[in-house]
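Working notes, structure below.
Residue numbers (UniProt numbering): 1 to 654.
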């Protein structure tokens, strides 16, 4: 420091003088003063398309609207539409051009809601994250960039987004909220969202023909020699089924309780549930596309189809719950669940004895999907999966349910959910061959309501202690009309006093172990100390004690043999990876002596991948291993791989 002081201060060439120029540092604000703005306020004003735009409901409002847009395939043709509804009525619902995407339909719906609310205070709910983020976050970016993407290209739907950003200024006060779509429940927001969804789908779909138009179409089609409509005529009560059959109204009115006739007659089922494939009744003529469209769009056919479905479900010992709703609230008339009918014991016995009914159920599921009654498919398949996998009933139906019932479901998302449900409750897991374990383990199904218990919860009266009530007041959720507390995620809270009794009832119907009962209950119920209660229930069950083998002291842990030299003894297995450039798996080999790891990405889990990795990577670099250990996976037990190992003198330990 002294050195630099001498160079600067004692150097005769350097002169220190004061200057009259103003120092810019004196203009800086005092760091101890409070900031002159609110960060949150600035963020809202800068990034929202309107400074006073809210994402929480306004306390005082003139309108509360729900919007939705849709785009889907209807009989091979793309249709689109949008709707704006209130809590009481459909305000506007119109079709859009067929090429319109779902995102554009959502933008259009939100724009119309804002235009309808001009000069008013309004709360608007949308289930579109795209539309919600456009008005709340992306609007400022579009203003700054001039409706360009980060790469400088024109954004999609530029004109429609401009109209949306202009329409957001029309209400005097506005709050736009995002709500999760396709929710169930009686609350105002789920009901409004469902109403908007149904109105948009109805607006998108072409109008149904009148009865006169339908009859005219039949006459026109009859003039065409290549096309006939016997199934439509049968459902319109104009034709008897063949051979030696009856009209459909006679079947519905006189056959419904004659179970012996329904069981022994094998000609009617193809006519009651027509499909596009030929059945065993060679007098039946399969559906053609023109006839299918006409039956889907004729209200009389749709009503009879649902009556026929209920008649056959009763024959199987099954009934539908959740359809008997207030007829004035059309949006709430939906199939919520299928459960055992009063006569289920005798009818289930008939299903077990007469396995040809499995073919009938498969045909019914296919026909419901063909003729526009898909709402019955998922509840019906889930019901049979519960009876087979959880309640251990109908053992002869197990293969049919997995091989035919699930694939018959029309919606891909619903099929995947049902497959995940089956995998979750399938025992033993090693015999499950209908899906990839890794993908099923990562799969997150959409929420469903499962009736696991042998009796409905309404048979128990919930009594929560004062401590539980105090805790529940702080928990998001609410009490239902039956007194049960339902959490925000849909799980029902079981009181500590009732939980053991309800779990005993579940165990009595399935006699599952602790782990199985936990897997069944945890997604649908919140039970403090669930694991301990399930363990005690299983241990105290007399039936389980009589039939289950006694478990003695556990065996000592096994020993892993260690190789005598590096890479002489290997352990090998496949693991699942997130898909990347066509690779889905990782073949891992570990040296038992050194712990050295060799890993190779593969596209499949096949034997060829194992042989290729050994021949191209391991043997050229390290020589022949003396022994290889693996599990009994399909890739390792193939004869060709075992012969390959024997030819090279490798001991393969499975």
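Think of the CB as a built atom: it goes at the ideal place given N, C-alpha and C, for glycine as much as any other residue.
- With contacts defined as CB atoms closer than 9 Å, residue 393 and residue 421 fail to qualify as a contacting pair.
- With a beta-carbon spacing of about 7 Å, residue 415 and residue 407 fall inside the 8 Å limit used to define contacts.
- Ranked by Cα distance from residue 68, the options 194, 163, 139 are led by 194.
- Bounds of the beta strand (DSSP E) holding residue 578 are 569-580.
- Judged by DSSP in its simplified three-state form, residue 413 adopts helix.
- Residue 353 and residue 297 have their alpha carbons spaced roughly 38 Å apart.
- Burial state of residue 59 is exposed, judged by a 10 Å Cβ sphere holding fewer than 16 other Cβ atoms.
- Counting the other CB atoms within 10 Å of its CB gives residue 602 a total of 16 or more, which places it among the buried residues.
- Shown here for residue 611: same chain residues with a beta carbon closer than 7 Å to its own, the five before and five after excluded, namely 641, 644 in chain order.
- For residue 467, the enclosing alpha helix (DSSP H) begins and ends at 466-473.
- Taking residue 373 as the centre and dropping the five residues before and after it, the same chain places the C-beta of 305 closer than 6 Å to its C-beta, in chain order.
- By the neighbour-count criterion, in which a residue is buried when 16 or more other Cβ atoms sit within 10 angstroms of its Cβ, residue 632 is exposed.
- Within 10 angstroms of the beta-carbon of residue 560 lie fewer than 16 other beta-carbons, which makes it exposed.
- Comparing alpha carbon positions, the residue from 411, 121, 127, 90 closest to residue 72 is 411.
- For residue 267, same chain residues with a beta-carbon under 7 Å away, outside a window of 5 residues either side, are 241, 243, 245, 281 in chain order.
- Sequence-distant partners of residue 170 (beyond 5 residues in either direction) whose C-beta falls short of 8 Å from its own C-beta, in its chain, are 114, 115, 117, 118, 119.
- Taking 8 Å as the upper bound for CB-CB distance, residue 250 and residue 235 are not in contact here, some 13 Å apart.
- In its chain, beyond the 5 residues on either side, 338 have a beta carbon closer than 6 Å to the beta carbon of residue 380.
- With fewer than 16 other beta carbons inside 10 angstroms of its own, residue 615 counts as exposed.
- If you compare the alpha carbons of 510, 365, 579 with that of residue 272, the shortest gap goes to 365.
- Scanning its chain for C-beta atoms nearer than 7 Å, with the 5 sequence neighbours on each side dropped, one finds around residue 205 the residues 74, 79, in chain order.
- Taking the Cα of residue 167 as reference, the smallest distance to any Cα among 189, 320, 178, 134 is reached at 134.
- Note on residue 424: 16 or more other CB atoms within 10 angstroms of its CB, so buried under the neighbour-count rule.
- Judged by DSSP in its simplified three-state form, residue 65 adopts strand.
- Here residue 293 is buried: its Cβ has 16 or more other Cβ atoms, across all protein chains shown, within 10 Å.
- Taking each of 524, 464, 344 in turn and checking the Cα distance to residue 498, the smallest one comes out for 464.
- Across the set 362, 355, 357, 320, the C-alpha of 320 shows the shortest separation from the C-alpha of residue 342.
- Each residue's CA atom was taken as its position, placing residue 384 and residue 400 some 10 Å apart.
- At the C-beta level, residue 130 and residue 154 stay beyond 9 Å of one another.
- As a beta-bridge residue in DSSP terms, residue 601 pairs with 586.
- For residue 82, the enclosing beta strand (DSSP E) begins and ends at 77-85.
- Of the other Cβ atoms in all chains shown, fewer than 16 fall within 10 Å of the Cβ of residue 562; this residue is therefore exposed.
- Residues 588, 590 of the same chain have their beta carbon placed closer than 7 Å to that of residue 597, with the five preceding and five following residues left out of the count.
- In the DSSP assignment, residue 478 forms a beta bridge with 486.
- In this structure, residue 530 and residue 518 form a Cβ contact; the two beta carbons are roughly 6 Å apart against a cut-off of 8 Å.
- Counting of Cβ neighbours within 10 angstroms places residue 172 among the exposed residues, the total staying below 16.
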